[in-house]
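One structure below.
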Amino acid sequence: MQCNDLIYTGVRDVTGRESVVIVQGHVAVEGVLLFGQKYFYVCEHFTLSHLQEVYCTRHCLSSISDSFIYTLCYKDQAMGQQVCSRYSYDDIKEIHPVRFLLQEVAVEIFFENGYSVFLVFHNGARKKPLKRYLP
46 MQCNDLIYTG VRDVTGRESV VIVQGHVAVE GVLLFGQKYF YVCEHFTLSH
96 LQEVYCTRHC LSSISDSFIY TLCYKDQAMG QQVCSRYSYD DIKEIHPVRF
146 LLQEVAVEIF FENGYSVFLV FHNGARKKPL KRYLP
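As numbered in the working numbering, the sequence shown has no gaps in its residue numbers, which increase by one up to the final residue, 180.
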């Protein structure tokens, strides 16, 4: 199974893609946010190519241009496991725009079950995907 097979297994009707950094506690990893019809997907250890194609970070260069954020994601050279999590739009309780490194480039998505996801749009385009894809 190739890296791209993992990400597209069960993923249907992808209408949008955004390169993000996923922050969990003190750990930051590069990832991809995929928007579908009923669900959105947060995929860790993936990146977008310049053609907006999804690749694992082992086989494609990082899309992070900010050197500080890149260092946060890749300070430990050990490659983590590739994980894709699926979330229903209906399960979203609240979305909070937040700052990351004193810049307004992040959101925290809270779900009905108490879980949350902290996403950093390292390219600075936080408003576009929020207005276009998320409720």
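We treat Cβ as the ideally placed atom computed from N, Cα and C, and that holds for glycine.
Item                                                                                                                : Value
Whole-angstrom distance between residue 85 and residue 157, CA atom to CA atom                                      : 15 Å
Residue 164 burial status per 10 Å Cβ neighbour count (16 or more: buried)                                          : buried
Runs of alpha helix (DSSP H) lying entirely within the stretch 68-131, each at least 4 residues, in chain order     : 112-119
Under 9 Å between C-beta atoms of residue 74 and residue 101                                                        : no
Start-end ranges of the alpha helix (DSSP H) lying completely within the stretch 130-166, minimum 4 residues        : none
Beta-bridge partners of residue 66, as assigned by DSSP                                                             : 75, 165
Residue 64 vs residue 78 beta-carbon contact at 9 Å                                                                 : yes
C-beta contact flag for residue 88 and residue 133 at 9 Å                                                           : no
Own chain partners of residue 83 with C-beta closer than 7 Å, once the 5 adjacent residues on each side are dropped : 133, 134
Nearest neighbour of residue 70, chosen from 168, 162, 110 [CA to CA]                                               : 162
Nearest-angstrom Cα separation, counted from residue 99 out to residue 149                                          : 25 Å
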